[in-house]
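In what follows, a structure is listed as C-alpha cells, so that the remarks can point back to it.
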Amino acid sequence: MTSIADPPIDLRETARRAQIRIAHSDVPIPRDRRRDVPRPPGPSGLAVLRGFIAGGEAPWFMVELERDYPTLAHMRLLGDHVYTLTSPEAIVDVFIGHGRETMKGRGLQGTKAVLGNGLLTSEGEVHLRNRRLVQPAFHRDRIAAYARDMVDLTLAHEASWSEGQALDMQSDMSALTLTIVGRTLFGSDLAGDAHEIGESLAGLLEGMGRYLVLGPQVLRVPLPSRKRALESFARIDRIVERVIAQHRQRGDTGDMLSMLIAAEEDGAAFDDAQVRDEAMTLILAGHETTAMTLTWTWMLLSQNPAVAEWLHEELDATLAGRNPGMDDMAALPRTRAVVAEAIRLYPPVWIQGRRTLADVEVDGWLIPEGAITLISQFAMHRSPRWWTSSLTFMPQRWIDADGAFSEDAPGQPRGAWFPFGWGNRRCIGEQFAWTEATLVLATLAQRWRPELIPGSDVQPMPAVTLRTKSGMPMVLRRR
Ligand code: HEM
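This note's numbering applies: residue 1 is where the sequence shown begins, and numbers increase by one.
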C-alpha cells in the first residue's frame with residue numbers, strides 16, 4: 001500500500017522508477033535555436049489566481065483561454081510552467097504524437113497515494129504491462145455479460161423510485177453506478193459493503209479533488225478534508241483487501257477481480273498489492289464518471305422536453321416496454337446520442353494534464369522539458385470554433401445520414417472531442433461506460449421523466465470529475 005505522505009515529486013526519479021524511457025522528439029530542437037522559439041503569451045498572474053486557485057471557476061477559465069489563445073497559452077502555476085493547448089492540432093500533436101515523451105501531470109501523480117500503481121497512475125513499461133493484463137476484463141464478450149447485470153441492477157434500483165418522490169439525482173446515480181461497478185468487479189462479495197464504500201468514496205473524492213488542481217502538497221496541509229480522506233481511504237482499503245482474500249480462496253467467479261487475479265504474462269501474475277491498486281482504480285474511475293454522465297443527462301432532458309420526446313419515441317418503438325440488452329445497442333442511436341451530447345456539454349473528465357519529459361515544439365513554440373501541458377474537454381467540447389450551436393443541447397448532431405449514431409457525425413476535427421482521452425492512455429472502460437450509460441438510460445427513461453425542481457441553482461463543480469456544487473434536486477414523474 002502506498003503511503004499518503006508521499007515525498008514531493010522528483011520528475012527524473014519518478015520517471016526512472018516507472019521505467020520510462022525518455023525518447024527524444026522526432027525533430028529534436030537544437031539548443032542554439034531555443035532562444036528563437038517564442039514563448040506564447042498567457043494570462044496575468046491575477047487571472048490565473050482567479051481562474052485556477054478559486055477552483056470552481058477553473059472550467060470557465062479554460063473556456064476563456066480557448067477563446068483568447070487559439071493555439072496555446074503559457075502561465076505560471078505553483079512554480080510550474082503550464083501550457084494550455086487549445087487547438088485540435090496542438091492537442092493531437094502533444095498527447096498522441098509526443099505521448100511517450102510525457103507522463104501524467106501533477107494531479108494524477110498525487111492520486112498515487114490512493115490508487116498506487118494502478119492503470120490510471122502507473123507509467124511507462126509498468127503501465128503497458130498492467131494494461132495488457134487488465135485488457136481481457138474489458139473484452140466485448142465480458143461487457144455483454146456485464147450488460148445483463150447493468151440492466152438487472154437498474155431494475156432493482158428502479159424499485160426504490162416512486163411517483164412524486166424528490167431526490168438528489170447525483171447521489172442516486174452514484175449509488176446505482178457504484179452497485180454496478182461493485183457487482184461487475186467483485187461479484188456479489190461487495191453487496192453488504194456498498195453503503196460504506198459509497199460514503200467513504202464521497203470523503204475520498206472530496207480530498208482528491210484538491211489534489212488534482214493543486215497537487216499532492218495539498219494533502220500535507222492539515223485540513224479537515226485531509227483527515228476525512230485518509231479515514232475513507234483506510235476503510236475502503238480494508239474492504240478491498242478482504243474481498244481479494246475471499247476471491248483467492250474461491251477461484252474464478254466470472255467477475256473482473258477473478259480475471260485480475262488469474263491474469264499473468266510470462267509466468268508473472270499480479271501480486272495482492274497490484275490487484276488491490278487495479279481494483280481501487282476501477283472502483284473510482286468506473287463509477288463516478290458514469291454517475292456524472294447520467295446525472296447531467298437527466299438534467300438536460302428535463303430542460304429540453306422536445307429532446308426527451310424524441311428519445312421516448314425511440315424507446316417506445318424499439319423496446320415497446322421490454323428491457324434493453326446488449327443486442328439493442330445499435331438499435332438505440334438516439335439514446336446513445338443523448339448520452340454523447342450530455343458528455344459533450346458536461347464531460348465527466350473535464351481536464352487532463354501531462355508533464356513533458358523532453359522539449360516539444362508546437363506550431364513554432366517551445367514547450368520545455370518538465371513543463372505541464374493541460375487540455376480541457378470542457379473548453380474544447382463547447383468551442384463555437386468546432387461545434388455549431390455549441391452551447392445548445394442537440395443530440396441530433398450525433399445521428400448520421402443513415403440514422404445511425406456516429407462520433408464523426410457532427411464533423412468536428414480530431415482533437416475537439418476527447419471525452420475518453422488519447423492513445424495508449426485512453427480510457428480502458430470506454431465501451432463499458434457507453435454500454436452502461438445507454439442501458440441505464442434506456443431502462444429508466446422508458447417509464448420515467450425526472451424533472452429538475454424549479455428554481456434549483458445547479459452549478460458545475462470541478463472535482464476529480466465534473467460534479468455539481470450542491471447535488472441535482474429532481475422530482476420523479478412517471479411517463
Ligand atoms: C463516461 C464515463 C467515463 C469517462 C468520461 C472516462 C474518461 C477517462 C479519461 C479521459 C481517461 C484518461 C485519463 C488520462 O489520460 O489522464 C480515462 C482513463 C481510465 N478510465 Fe475512464 N472514463 C469513464 C468510464 C470508465 C469506466 C466505466 C471505467 C472502468 C470500469 C474506467 C476506467 C479507466 C481506467 C482504468 C483508466 C486508465 C487507463 C490507462 O491509463 O491505461 N473509466 N477515463
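Just so you know, even glycine gets a beta-carbon here, dropped at the ideal spot from N, CA and C.
Given the structure is predicted, the values throughout are model-derived calculations rather than measurements.
Item to check | Integer-rounded CB distance, given that L155 should sit under 8 Å from S302 | outcome: On the sequence shown, position 302 is the one that residue 302 refers to. On the sequence shown, position 155 is the one that residue 155 refers to. No, S302 and L155 are not in contact; Cβ-Cβ is about 22 Å, not under 8 Å.
Checklist entry - Would DSSP call Q459 helix, strand or coil? => result For the purposes of this step, residue 459 is taken as residue 459 along the sequence shown, with counting starting at 1. Coil.
Checklist entry - So is V27 buried or exposed if we call it buried at 16+ other beta carbons inside 10 Å? => result For the purposes of this step, residue 27 is taken as the residue at position 27 of the sequence shown. Here the model assigns V27 a pLDDT of 46, short of 50, so the residue's position is not dependable, and the following value carries that caveat. Counting every other CB atom within 10 Å of its CB across the protein chains shown gives V27 a total below 16, marking it as exposed.
Next on the checklist: ligand 1 and F429: does the residue's C-beta get closer than 7 Å to at least one heavy atom of that ligand?
Outcome noted: Locating residue 429 in the sequence shown gives position 429, counting from the first residue. A quick correction: the sequence has Gly, not Phe, at residue 429. Relative to ligand 1, G429 has its C-beta within less than 7 Å of a heavy atom.
Next on the checklist: Assuming contact is defined by CB atoms lying nearer than 8 Å, are G415 and P40 in contact in what I supplied?
Outcome noted: Here residue 415 refers to the residue found at position 415 when the sequence shown is read from its first residue. Here residue 40 refers to the residue found at position 40 when the sequence shown is read from its first residue. For G415 and P40, no; Cβs fall outside 8 Å.
Checklist entry - Among I239, F138, T84, G51, which residue has its Cα nearest to the Cα of Q431? => result By 1-based counting over the sequence shown, the position of residue 431 is 431. When each option's Cα is compared against that of Q431, the closest is F138.
Checklist entry - Going straight from the alpha carbon of F393 to that of A340, what length do you get? => result Sequence index remark: in the sequence shown, residue 393 carries index 393 (1-based). Sequence index remark: in the sequence shown, residue 340 carries index 340 (1-based). Going by the C-alpha atoms only, they are around 10 Å apart.
Checklist entry - With P347 and L466 assumed to form a contact (beta carbons below 8 Å), what rounded beta-carbon distance in angstroms separates them? => result Looking up residue 347 in the sequence shown gives position 347. Looking up residue 466 in the sequence shown gives position 466. Going by Cβ atoms, the distance from P347 to L466 rounds to 6 Å, so yes, they are a contact pair.
Item to check | Selected residue, minimal CA-CA separation from P368, among T102, L133, V63 | outcome: The sequence position of residue 368 within the sequence shown is 368, counting from 1. Nearest C-alpha to P368: T102.
Next on the checklist: Quick check on this structure: which residue in Q377, S258, R354, R183 has the alpha carbon closest to the alpha carbon of H287?
Outcome noted: Looking up residue 287 in the sequence shown gives position 287. Closest by alpha carbon: R183.
Next on the checklist: Suppose the cutoff is 7 Å on Cβ atoms and the five residues either side in sequence are ignored; what does the same chain contact list for D93 look like?
Outcome noted: Along the sequence shown, read from residue 1 onward, the residue named residue 93 stands at position 93. Closer than 7 Å at Cβ, skipping near neighbours: V362.
Next on the checklist: I want to check one thing, is the minimum distance from the CB of F432 to the heavy atoms of ligand 1 below 7 Å?
Outcome noted: Sequence index remark: in the sequence shown, residue 432 carries index 432 (1-based). Yes; taking the cut-off as 7 Å, the Cβ of F432 has a heavy atom of ligand 1 nearer than that.
Checklist entry - Should L85 go down as buried or exposed, given a rule of 16 or more other Cβ atoms within 10 Å for buried? => result Against the sequence shown, residue 85 aligns to sequence position 85. Counting Cβ neighbours within 10 Å, L85 comes out buried, since at least 16 surround it.
Checklist entry - Can K104 and R354 be called in contact, C-beta distance under 8 Å? => result As a working mapping, residue 104 is identified with position 104 in the sequence shown. As a working mapping, residue 354 is identified with position 354 in the sequence shown. A contact, by the Cβ cut-off of 8 Å.
Checklist entry - Per DSSP, what kind of secondary structure is W417 in: helix, strand or coil? => result To locate residue 417, count along the sequence shown from 1; it is residue 417. Of the three classes helix, strand and coil, the one that applies to W417 here is coil, per DSSP.
Checklist entry - Does the Cβ of V464 lie closer than 7 Å to at least one heavy atom of ligand 2? => result Ligand 2 is absent from the structure shown, which contains only ligand 1.
Item to check | Pairwise C-alpha distance: M169 and W60 | outcome: Within the sequence shown, the letter at position 60 stands for residue 60. Within the sequence shown, the letter at position 169 stands for residue 169. Taking the straight line joining both Cα atoms gives about 24 Å.
Checklist entry - Near D80, which residues of its chain fall below 6 Å by C-beta distance, leaving aside the five closest residues on each side in sequence? => result Taking the sequence shown and counting its residues from 1, the one referred to as residue 80 is at position 80. Cβ within range, chain order: I372.
Next on the checklist: Helix, strand or coil for H381? Go by DSSP, reduced to three states.
Outcome noted: Locating residue 381 in the sequence shown gives position 381, where the first residue counts as 1. Looking at H381 - three-state DSSP - the assignment turns out to be helix.
Checklist entry - Based on the DSSP output, what are the partners of M474 in its beta bridges? => result Within the sequence shown, the letter at position 474 stands for residue 474. Partner(s): L167, L452.
Checklist entry - Which residue spans inside the segment 383-445 form an unbroken alpha helix (DSSP H) run of at least 4? => result 430-445
Next on the checklist: Taking the straight line between their C-alpha atoms, what separation do you get for V63 and D328?
Outcome noted: Here residue 63 refers to the residue found at position 63 when the sequence shown is read from its first residue. Here residue 328 refers to the residue found at position 328 when the sequence shown is read from its first residue. Rounded to whole angstroms, V63 to D328 spans 37 Å at the Cα level.
Checklist entry - So what's Y146 in DSSP terms, helix, strand or just coil? => result Counted from its first residue, the sequence shown places residue 146 at position 146. The answer is helix: DSSP assigns Y146 an H, G or I state.
Checklist entry - CB-CB under 8 Å to I239, same chain, minus the five flanking residues each way: which ones, in chain order? => result For the purposes of this step, residue 239 is identified with residue 239 of the sequence shown, where counting begins at 1. Excluding residues within five positions, the ones whose Cβ falls inside 8 Å are L190, D193, E196, I197.
Next on the checklist: Is the separation between the beta-carbon of D277 and that of N117 shorter than 8 Å?
Outcome noted: Along the sequence shown, one-based indexing puts residue 277 at 277. Along the sequence shown, one-based indexing puts residue 117 at 117. Yes, the pair counts as a contact, with Cβ atoms nearer than the cut-off.
Checklist entry - Counting along the chain, where does the alpha helix (DSSP H) carrying M280 start and finish? => result Counting from one through the sequence shown, the residue named residue 280 turns up at place 280. Taken as a continuous stretch (DSSP letters only), the alpha helix (DSSP H) holding M280 covers 272-303.
Checklist entry - What span of residues does the alpha helix (DSSP H) with R344 cover, start to end? => result Residue mapping note: residue 344 aligns to position 344 of the sequence shown, counting from 1. Going by DSSP, R344 is part of the alpha helix (DSSP H) stretching over 333-345.
Checklist entry - Taking E231 as the reference, which of A291, G254, S200 has the closest Cα? => result By 1-based counting over the sequence shown, the position of residue 231 is 231. Nearest option by C-alpha distance: S200.
Item to check | Meets three-Cβ-pair contact criterion under 8 Å: the segment 372-388 and the segment 64-78 | outcome: yes
Checklist entry - Just curious, the alpha helix (DSSP H) that V48 is in, first and last residue? => result Taking the sequence shown and counting its residues from 1, the one referred to as residue 48 is at position 48. From DSSP, the alpha helix (DSSP H) with V48 extends over 45-48.
Checklist entry - Which ranges would you report for the beta strand (DSSP E) in the segment 46-129 if only whole runs of at least 3 residues count? => result 72-77, 80-85, 102-104
Checklist entry - How about H98: is its Cβ closer than 7 Å to a heavy atom in ligand 1? => result The residue labelled residue 98 in the question sits at position 98 within the sequence shown. No, the Cβ of H98 stays beyond 7 Å of every heavy atom of ligand 1.
Next on the checklist: Pull the bridge partners of V362 from the DSSP assignment, please.
Outcome noted: Sequence index remark: in the sequence shown, residue 362 carries index 362 (1-based). In DSSP, V362 forms a bridge with W365.
Next on the checklist: Along the chain, where does the alpha helix (DSSP H) containing L257 start, and where does it finish?
Outcome noted: By one-based count along the sequence shown, residue 257 stands at place 257. Looking at the DSSP string, the run of the alpha helix (DSSP H) that includes L257 is 256-262.
Item to check | Backbone CA spacing between S551 and T438 [nearest angstrom] | outcome: Here the chain has residues from 1 to 479 only, and residue 551 is not among them.
Item to check | Cβ contact check for the segment 331-338 and the segment 314-321: 3 or more pairs under 8 Å | outcome: With three or more CB-CB distances shorter than 8 Å, the segment 331-338 counts as touching the segment 314-321.
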